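Residue numbers (my numbering): 5 to 322.
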Amino acid sequence: MDITQWGDIYTFKNQQAFSGCQNMDITAADSPKLSGTTAQLFKYCDNLVGTASFTNWDLTSVTAVNGMFLGAKKFNQSLAGWNLKNITNVNGMFDGAVALTCLNFSLTLRGWANNPETPNTLVLGNLPAGLTFGDQAAYDKLTVDKGWTINGVTYDGTCAGSLPLPVTFTDLTASISNGEMLVKWKTVSEHNNDKFIIYASNDGKNWTDVGTVKTKAANGNSSEVLEYEHTVMMSDLKKAGIPVVIALMLASGLLFNHRKHLFFCIALLTGVFFAGCNKNDLTLEEIMSGDVYVKVTQIDKDGKTTSDSNVIYVKKEK
C-alpha cells in the first residue's frame, strides 16, 4: 500500500493509527493533519521509507511522538523542519529504525537545535544500535543548552564532513545596466537561515555590503528550491558623494541661518572631503563603475556566517 496524497481527510489525533501496516509506504508530497498524540503512529511499518516531504509536516498541535517510528526498520528521512514546541515525549521515537543514517539523524538534530521553540529537558532514548551523529554543535545545543538526554549515540567525524552547509546555493547570476545591478540566486536547501547579504568588489578581495535579503524559508528551514533576486541601486546622493545628513541640512537652510553655522558648514564639508579622499572602503558608485565581482553570504539565526555562494565576475553592459 502506498499513500500518494493525504488531501483534506486525513486527520490523526490518536496513537497507533498505522501500527502494524507492514507493507505501507508514503510517497505523498503534501502533509497530513496531526494533533494530540501521534505516539507509535508508524509502529512496525516494516516497509515505510518515506520522502523528503516528511520534514514539512506541521506538528505544532502534537503533544507526543514517542515510539512514532518504532520498528519501522526502513525509515530514513530528515525531520529537521518539525516544530516540537508542544511536545512532551519523544522517547523511543526511532527505536528499531535501523536504516536511519547519520546524515538524516544529524540534520534532524540540527533542525531541532536551531529552532528556538524546541522545548527543554526531553529524553530521546532507545535509539538504534550503532547510530551516530555528525553535528556536534547541534548535539551540544540540545543536551547542554536545552537539557536533553540523548542516549546511545556517538560522534562520527566522517559523517560530519558529509553534512551539507546550512544553505546550498545554485544559479547565482548578476547583471549591471543603467546604474543598477540585478542579482539572482536559488537555494536548494536552507537550515536555520535568517537572511542573505550581497557583497560586491572590484578586485575580488575587498568586499562591500550592498544589500540584504530576508530568507523565504518558513522558520529558516526548507528542502525545496527557493528563488531570490535583489536590485542594487546607486542613489543620487552617493553618485554626488554627499552624505544624506548634510544634504538634508543644506536643503533646510540650517547651515546658513547664522554666520557661525556657515563656518561650521565649511569645516564639516572640508572634513567630509578629506575623509572621502583617505577612506579605504569603496563606494557603491566606485564598485559599479566597471566590472565587478559578486557573492552572496548566508547569515543564520544566531548571526553567524556559515555559507557562501561561489564568486561570480560581472561585466558591465557598455
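Ideal Cβ placement from N, Cα and C applies to all residues, glycine included.
Note that this is a predicted model, so its numbers are computed, not measured.
Are Lys188 and Glu233 closer than 7 angstroms when you measure CB to CB?
A contact, by the Cβ cut-off of 7 angstroms.
Considering Phe109, what are the terminal residues of the alpha helix (DSSP H) in which it resides?
Phe109 -> alpha helix (DSSP H) spans Cys106 to Ala117.
Cα separation between Met28 and Asn51?
Per the coordinates, the alpha-carbon of Met28 lies some 6 angstroms from the alpha-carbon of Asn51.
Identity of the residue in Gly215, Asn182 and Leu167 nearest His195 by Cα:
Scanning Gly215, Asn182 and Leu167 for the CA closest to the CA of His195 turns up Leu167.
Taking the alpha-carbon of Lys150 as reference, which of Asn210, Thr67, Pro120 and Gln81 has the nearest alpha-carbon?
Of the candidates Asn210, Thr67, Pro120 and Gln81, the one whose C-alpha sits nearest the C-alpha of Lys150 is Pro120.
DSSP three-state label for Gln302, please.
DSSP, read as helix, strand or coil, puts Gln302 in strand.
For Ser205, name the three-state secondary structure that DSSP assigns.
Three-state DSSP puts Ser205 in a strand.
Beta strand (DSSP E) segments (min. 3 residues) lying fully within the stretch 111-187:
Here the runs fully enclosed are 171-181.
Any idea if Thr191 is buried or exposed, counting beta-carbon neighbours within 10 angstroms, 16 or more meaning buried?
Burial call: buried.
Under the assumption that Asn70 contacts Gly96 (Cβ atoms under 8 angstroms), give the Cβ distance between them as a whole number of angstroms.
Gly96 and Asn70 do touch by the CB rule: their CB atoms are close to 5 angstroms apart, below 8 angstroms.
Taking all protein chains shown into account, do 16 or more other C-beta atoms lie within 10 angstroms of the C-beta of Leu107, making it buried, or fewer, making it exposed?
Under the 10 Å beta carbon count, Leu107 is surrounded by 16 or more other beta carbons and is classified as buried.
Outcome for Gly245 when other beta-carbon atoms lying within 10 angstroms are tallied against a minimum of 16
Its pLDDT being 34, under 50, Gly245 is placed unreliably by the model, and nothing is read from it.
What three-state label does DSSP hand Thr31 in the structure shown?
In this structure, Thr31 counts as coil in the three-state DSSP scheme.
Cβ contact (3+ pairs, closer than 8 angstroms) linking the stretch 215-231 and the stretch 307-320:
Here the stretch 215-231 makes no contact with the stretch 307-320; the two share fewer than three CB pairs at distances below 8 angstroms.
For Ala68: DSSP bridge partner residues
Bridge partners of Ala68: Thr41 and Asn93.
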